[in-house]
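Those letters in the sequence shown? Residues 18 to 226, per the working numbering, in order.
Backbone N, C-alpha and C fix where the C-beta goes; we use that ideal spot for every residue, glycine too.
Being a predicted model, the structure only gives us computed values, none of them experimental.
This report refers to the structure that appears directly beneath it.
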Amino acid sequence: MTHLFARRVPQLMIGLFCYGFAIAMMIQAGIGVSPWDVLGQGAALQSGLPFGVATNIIGLLVLLLWIPIRQKPGIGTVLNVALVGPSAEVGLAVLPAPTQLWAQILLFAGGLALLALATGLYIGARMGPGPRDGLMTGIHQKWGWKVWKVRTIIELTVLGIGWILGGTVGVGTVAFALLIGPMVNAALPLLHIPDPRPRNSAANTEPAT
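So, in structure tokens, the structure goes:
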């Protein structure tokens, strides 16, 4: 048990840092942000609130959606809020914004791949998902829908609402919405740390593909 916990904590921290860094990579690529950032932009535009405040409010509203699907927050949920933002700021500070299209595409693709890997790392640590990923895993666990389908439906829904509110949509945004579900679906089983408790005494958190 102790050695598993010793693995879970570093995996959680690495996953959260990489998640924020991946966001910075996609922002610096300049060819479109994630659907959730489009929603944040649209909400900020319509409300007059700063982007960061609008994003935090959206996160709190998403947490309320956890109630009907009986998803419970964990330490990973709290650390997600605390660490992803600062790690994204680190990425923005050290990554130059490319000006050539091929470099922009490579940077965005690398950020998308890193974000999928980071999602698998911190969810696989079983210490609590972030607000948005918790919505995905909660729906998967409650109704048995495949992870990639749930993630894709959520991303496309959020993208549509954000676009209607006035958020900026680019080709990278569409690529993110269509690809992140299957990519996370592939990463989760590879990085999931199994629960050592007997199967009949522990909640089944194994991701289905």
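In or out: Phe-68 buried (at least 16 other Cβ within 10 Å) or exposed?
Classification of Phe-68: exposed, given that the 10 Å Cβ count is below 16.
Please work out which residues of its chain come closer than 7 Å, Cβ to Cβ, to Gly-145, disregarding the five sequence neighbours upstream and downstream, and give them in chain order.
The residues are Pro-90, Gly-91, Ile-92, Gly-93, Thr-94.
Can you tell me which of Ser-64, Ser-104, Asn-73, Asp-54 puts its alpha carbon nearest to the alpha carbon of Ile-31?
Of Ser-64, Ser-104, Asn-73, Asp-54, the residue nearest in Cα terms is Ser-104.
Quick one: is Val-101 buried, meaning 16 or more other Cβ sit within 10 Å of its Cβ, or exposed?
By the 10 Å Cβ count, Val-101 comes out buried.
Mind checking Leu-81: buried by the 16 CB within 10 Å criterion, or exposed?
Leu-81 should be labelled exposed.
Assuming Gln-45 contacts Ala-142 (C-beta within less than 8 Å), just tell me the rounded distance between them.
That pair is no contact at about 27 Å.
Could you tell me the alpha carbon to alpha carbon distance between Gly-37 and Glu-106, rounded to whole angstroms?
Between Gly-37 and Glu-106, the C-alpha separation is close to 8 Å.
Looking at the structure shown, is Lys-89 part of a helix, part of a strand, or coil, going by DSSP?
Three-state DSSP puts Lys-89 in coil, outside helix and strand.
Nearest to Leu-207 by alpha carbon, out of Trp-162, Ile-140, Leu-196, Glu-172?
That would be Ile-140, whose Cα lies nearest to the Cα of Leu-207.
Less than 8 Å between the CB atoms is what I'm expecting for Arg-168 and Gly-147, so what's the real figure, rounded?
Actually they are not in contact, since the Cβ atoms of Arg-168 and Gly-147 sit about 13 Å apart, beyond 8 Å.
Does the beta-carbon distance from Met-200 to Gly-127 come in below 8 Å?
Against a cut-off of 8 Å, the Cβ pair of Gly-127 and Met-200 comes out as no contact.
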